[in-house]
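Q: Residue numbers (UniProt numbering): 1 to 279. Just so it is clear, CB atoms sit at the ideal spot from N, CA and C, and this is done for glycine as well. Only a predicted model underlies this, so the values are computations on that prediction, with no experimental measurement involved.
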C-alpha cells in the first residue's frame with residue numbers, strides 16, 4: 001500500500017511545491033511508483049510536472065466535487081515517470097461547493113483509496129493556508145513533511161501547523177504525524193539560518209531531515225521549463241539535494257540507518273560543500 005504524505009506549511013513561498021515535484025521525480029527515478037496530487041488552485045505542481053493545467057480534461061476539482069473516478073483524472077508527467085492528479089483555477093470553487101456535503105473532509109481520502117495499491121508513494125501538495133483543501137490532505141495522509149525556511153517567522157507558523165496536525169489527529173485521523181521537517185532555501189553562511197536550524201534540532205529531535213535544500217538557481221529555473229530539476233540539470237546542487245532527500249525518506253521507511261547509501265546518493269554534507277551557489 002502507498003505511503004501517503006502531505007507536504008504542507010501555511011506560509012507561502014517556502015518550497016512546498018518545489019519539494020513535491022522534485023521529490024516525486026527523485027522517488028520515481030529510484031524505481032518507486034509515485035502519484036503527485038496537486039491540491040493548490042494555482043496549479044503550480046501541475047505545471048512544474050510538465051502538465052498544462054489549461055489543457056486537462058479533468059482536475060482534482062472534479063475528483064472532490066463531482067466524484068469523478070481517480071483513474072479518469074490521473075495523467076502521466078511527460079518527464080519524470082510519475083503520475084499526477086492535476087489542479088487549476090476551478091479548485092477555488094471546491095470549498096464553497098462542498099459546504100454542507102457530508103464527509104467533505106474525507107473526499108480525497110475516499111478517492112485515493114481506489115488507487116492506494118497502485119503506488120508506493122502518494123505526495124500531496126497543499127495550498128499555503130489551513131482551509132478545507134488542506135484538511136482533506138491531512139485526513140488522507142499518514143504523515144506530513146513540513147517544508148520551511150530557517151527564519152524567525154517560520155517558527156511561529158510551524159507552531160500553528162503543528163497544532164492543526166494535532167487537532168486533525170485527535171479528531172479524524174489518529175495515525176497522522178509529522179513525517180519530517182525539511183529545511184529549504186538553506187544558506188549555512190547566514191547566522192540566523194544556523195540559529196533556527198539548531199532550535200529545530202533541539203525541539204524536534206529525530207524529525208529534522210539531515211538533507212537540506214540549498215538556494216539554487218537551477219532549482220528556481222526548472223519550473224519555467226515544466227521540468228523537475230533532475231531533468232533540467234541533474235548535476236545541479238538542487239537536483240542532488242532532492243535525490244538525497246528521496247534516499248533519506250526511503251531509508252527511514254525501510255528502517256535503515258540514515259547514512260550514505262550504497263548506490264551513491266549524495267549526502268547533505270557533500271552538497272553543501274560543493275563549490276558555487278548557482279549550480
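Can you tell which of 2, 222, 27 has the C-alpha that lies nearest to the C-alpha of residue 245?
A: For the purposes of this step, residue 245 is taken as residue 245 along the chain shown, with counting starting at 1. The residue with the shortest Cα to Cα distance from residue 245 is 27.
Q: Distance check for residue 82 and residue 148, CA to CA, integer angstroms please.
A: In the chain shown, counting from the first residue as 1, residue 148 sits at position 148. In the chain shown, counting from the first residue as 1, residue 82 sits at position 82. Cα to Cα, the separation comes out at about 25 Å.
Q: Does the distance from the C-beta atom of residue 223 to that of residue 127 stay below 8 Å?
A: Translated into positions along the chain shown, residue 223 becomes position 223. Translated into positions along the chain shown, residue 127 becomes position 127. It is not a contact, given that the beta carbons lie outside the stated cut-off.
Q: Looking at the secondary structure, which residues open and close the alpha helix (DSSP H) in which residue 163 lies?
A: Along the chain shown, read from residue 1 onward, the residue named residue 163 stands at position 163. Run containing residue 163: 152-171, per the alpha helix (DSSP H) assignment.
Q: DSSP three-state call for residue 223: helix, strand or coil?
A: On the chain shown, position 223 is the one that residue 223 refers to. Of the three classes helix, strand and coil, the one that applies to residue 223 here is helix, per DSSP.
Q: Leaving aside the five residues before and after residue 218 along the sequence, list all residues of the same chain whose C-beta is less than 8 Å from its C-beta, in chain order.
A: Walking along the chain shown from the start, residue 218 turns up at place 218. Counting only Cβ-Cβ distances below 8 Å, and skipping sequence neighbours, we find 229, 232, 233, 236, 237, 238, 239, 278, 279.
Q: Flag this pair as yes or no: are the beta carbons of residue 35 and residue 60 separated by less than 8 Å?
A: Start at 1 with the first residue of the chain shown, and residue 35 comes out as number 35. Start at 1 with the first residue of the chain shown, and residue 60 comes out as number 60. No, they are not a contact pair.
Q: Quick check on residue 18: does DSSP put it in helix, strand or coil?
A: On the chain shown, residue 18 is found 18 positions in, with the first residue counted as 1. The answer is helix: DSSP assigns residue 18 an H, G or I state.
Q: Measuring only the C-alpha atoms, how far is residue 63 from residue 188?
A: Looking up residue 63 in the chain shown gives position 63. Looking up residue 188 in the chain shown gives position 188. Straight-line Cα distance between these residues: approximately 42 Å.
Q: Assign residue 199 to one of two classes, buried (16 or more other C-beta atoms within 10 Å of its C-beta) or exposed (fewer than that).
A: Numbered from its first residue, the chain shown carries residue 199 at position 199. Residue 199 comes out exposed.
Q: I'd like to check one pair, residue 104 with residue 132: are the Cβ atoms closer than 8 Å?
A: As a position in the chain shown, residue 132 is number 132, starting the count at 1. As a position in the chain shown, residue 104 is number 104, starting the count at 1. In this structure, residue 104 lies closer than 8 Å to residue 132 by Cβ.
Q: Extract the residue ranges of the beta strand (DSSP E) inside the region 22-70, only unbroken runs of 3 or more that lie entirely within it.
A: Within the region 22-70, the complete beta strand (DSSP E) runs of at least 3 residues are 34-38.
Q: Locate the beta strand (DSSP E) running through residue 183, then write down its first and last residues.
A: Locating residue 183 in the chain shown gives position 183, where the first residue counts as 1. Taken as a continuous stretch (DSSP letters only), the beta strand (DSSP E) holding residue 183 covers 177-186.
Q: Can you tell which of 1, 8, 4, 2 has the C-alpha that lies nearest to the C-alpha of residue 183?
A: Sequence index remark: in the chain shown, residue 183 carries index 183 (1-based). Residue 8 is the option with its Cα nearest to residue 183.
Q: Residue 51: buried (16+ other C-beta within 10 angstroms of its C-beta) or exposed?
A: For the purposes of this step, residue 51 is identified with residue 51 of the chain shown, where counting begins at 1. By the neighbour-count rule (16 or more Cβ atoms within 10 Å), residue 51 is buried.
Q: Here's a check: name, in chain order, each residue in its chain whose Cβ is nearer than 7 Å to the Cβ of residue 6, leaving out the five neighbours to either side.
A: Position 6 of the chain shown, counted from the start, is the residue given in the question as residue 6. If we look at residue 6 and ignore the five residues flanking it on each side, its Cβ neighbours are 124, 126, 137, 138, 141, 144.
Q: What residues in its chain sit with their C-beta under 6 Å from that of residue 21, if we drop five residues either side in the sequence?
A: Within the chain shown, numbered from 1, the residue matching residue 21 stands at position 21. Correct list, in chain order: 45, 48, 49, 228.
Q: State the Cα-Cα distance for the pair residue 253 and residue 119, rounded to the nearest angstrom.
A: Stepping through the chain shown from its first residue, residue 253 is reached at position 253. Stepping through the chain shown from its first residue, residue 119 is reached at position 119. So the alpha carbons of these two residues sit roughly 15 Å apart.
Q: The alpha helix (DSSP H) with residue 211 in it runs from where to where?
A: As a working note, residue 211 is residue 211 in the chain shown. Where residue 211 is concerned, there is no enclosing alpha helix (DSSP H), although the beta strand (DSSP E) it sits in stretches over 208-214.
Q: Could you check the C-alpha separation between residue 171 and residue 162 for me, to the nearest Å?
A: The residue given as residue 171 occupies position 171 in the chain shown. The residue given as residue 162 occupies position 162 in the chain shown. Going from the Cα of residue 171 to the Cα of residue 162 covers about 14 Å.
Q: In the DSSP assignment, what are the bridge partners of residue 148?
A: Here the question's residue 148 lines up with position 148 in the chain shown. The partner list for residue 148 (beta bridge, DSSP) reads 183.
Q: Keeping to the same chain, check which residues put their C-beta closer than 8 Å to that of residue 11; ignore five residues upstream and five downstream.
A: Position 11 of the chain shown, counted from the first residue, corresponds to residue 11. If we look at residue 11 and ignore the five residues flanking it on each side, its Cβ neighbours are 128, 148, 153, 154, 157.
Q: Return helix, strand or coil for residue 75, following the three-state DSSP convention.
A: Stepping through the chain shown from its first residue, residue 75 is reached at position 75. Looking at residue 75 - three-state DSSP - the assignment turns out to be strand.
Q: Please list, in chain order, all residues of the same chain as residue 85 whose beta carbon is under 6 Å from its beta carbon, the five residues on each side excluded.
A: Translated into the one-based positions of the chain shown, residue 85 becomes position 85. Correct list, in chain order: 37, 60, 73, 74.
Q: Just the Cα atoms here: how many angstroms apart are residue 195 and residue 255?
A: Against the chain shown, residue 195 aligns to sequence position 195. Against the chain shown, residue 255 aligns to sequence position 255. Each residue's Cα considered, the two are about 30 Å apart.
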